[in-house]
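A short write-up of the structure that comes next.
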Amino acid sequence: AAMGAGRRLGAGSWAGALLVTLAVGSLIPAAPPGPFLVQDKFECLFTNGTEPFRYLQRYIYNRQQIAHYDSELGRFEADTELGRASAEHWNSQPAFLAQKRAEMDTFCRYSVRSPRAAKPKVKVSPTMSGSQTHPHLLVCSVTGFYPGAIEIKWFRNGQEQMAGVVSTELLQDGDWTYQILVMLEMSPQRGDVYACQVEHISLGEPLTVRWGKSSECGASSEPPGTPCALGRLSIPLCRDPILGVPPASAGHMLGVGDRMDHSVIGWSVHSLSSRWHQPLSADRMLC
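Residue numbers for the sequence shown, in mature numbering (1 follows the signal peptide of the UniProt record, and there is no 0): -25 to -1, 1 to 262.
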């Protein structure tokens, strides 16, 4: 009766989905009288964050899933005895099953606006400790990439560096892209070449940005020893007695460039103290 009367709802209407649920509720075996809750839950599962590969619709009665539709099976499955009659009824209707199969496109490919894979932007920036007892830092700033899975490595003269590598947490921007800083302690010698290598699904091959004296670096007009990449310095960090992070009071800063929104940043540097778990601004010092 609920579907036979009243105005017609559009195919994409959530209210229409709710009416379908209520209309077929009569198929559920009689339950004790009293308040009850019926829910529909729709799920789109994606591969690589961009391409839908599975669609699920779950029917829940009083917090218990009683039946569900699975696009991999192309039919409804009963999860409890209470949902068996409903699943059998829906599976007996070819037109209704065809509608469910089409919802992979309706709900997942068109309604869900998931961004395509975005290539990372990489900058390498040096920062000096101003002390003979503390090492310098090279900062690899990786921004604007999607999805969030990424691998970043540091190399010195072609050899991967495992020690002295410090990373911030992965930070998501408002446009769904991500950014991260990966820092390397260094004591540079004449002729050393450092490289930050980034691997991401959006790249056909690893992206490498070098810093140091090398024939591959910079334009021919640049003086010998000019770094291959210099990034904007913007985030103040306090000195750590072990890692030698430079003091903000000396004006040494690390940053991620123009994409940074200082009002929403809350960096958490692994291996450092808990004081990093707080928002930072361009002019705020932590020490």
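C-beta: ideal position from N, C-alpha, C; glycine also.
Near the ligand ZN: residue i beta-carbon under 7 Å from a heavy atom
i    : result
V141 : Ligands displayed in this structure: none; no statement on the ligand ZN is therefore possible.
Close Cβ partners of residue i (< 6 Å) along its chain, the five nearest in sequence each way excluded
i    : result
T55  : I41
A53  : A42, R59, A62
F11  : N37
S1   : Annotation note: pLDDT 42 at S1 (below 50); position unreliable, coordinate value reported separately. Same-chain partners within the cutoff: there are none.
H175 : P95, F120, I125
Q164 : none
A70  : none
Proximity to residue i [Cα-Cα], best of the options
i    : options               : result
S46  : F28, P181, R38        : F28
R50  : C19, G133, Q74        : Q74
Q154 : T118, P95, T102, P10  : T118
L72  : R165, E180, Q32       : Q32
L146 : A138, G139, S116      : S116
A124 : T152, C171, V97, L57  : T152
F21  : R91, S67, L48, E135   : R91
G166 : E144, G149, N132, R38 : N132
D148 : K128, A93, P8         : A93
E180 : G9, I127, R84         : I127
E135 : G9, C171, Q164, E144  : C171
Outcome for residue i when other beta-carbon atoms lying within 10 angstroms are tallied against a minimum of 16
i    : result
H64  : exposed
D233 : For D233, the pLDDT reaches just 32, beneath the cut-off of 50, and the residue's location in the model is therefore unreliable, although a value from the coordinates is still provided. Classification of D233: exposed, given that the 10 Å Cβ count is below 16.
S162 : exposed
S190 : Residue confidence for S190 is low, a pLDDT of 41 falling below 50, so the modelled location carries little weight; the figure read from the coordinates is stated next. Answer is exposed; the Cβ neighbour count stays below 16.
M137 : exposed
Same chain, Cβ closer than 7 Å to residue i, neighbours up to 5 away in sequence not counted
i   : result
M79 : P27, Y30, S46
R84 : P27
P8  : none
Contact under 8 Å by Cβ, residue i with residue j
i    : j    : result
L112 : Y169 : no
F130 : P95  : no
V99  : V184 : yes
W186 : P122 : no
S142 : V157 : yes
V173 : L182 : yes
D15  : Y34  : yes
Neighbourhood of residue i by C-beta distance below 8 Å, restricted to the same chain and skipping five residues each side
i           : result
F82         : F17, C19, Y30
residue 263 : Outside the displayed span of the chain (-25 to 262) sits residue 263, for which this structure offers no information.
N66         : R50, F51, L72
Residues that residue i bridges to, as DSSP identifies them
i    : result
H111 : M161
E174 : E126
I35  : Q14, Q40
A93  : Y121
F21  : P27
L146 : Q154
R50  : D45
L182 : V173
T102 : L112
Q136 : W129
G187 : V168
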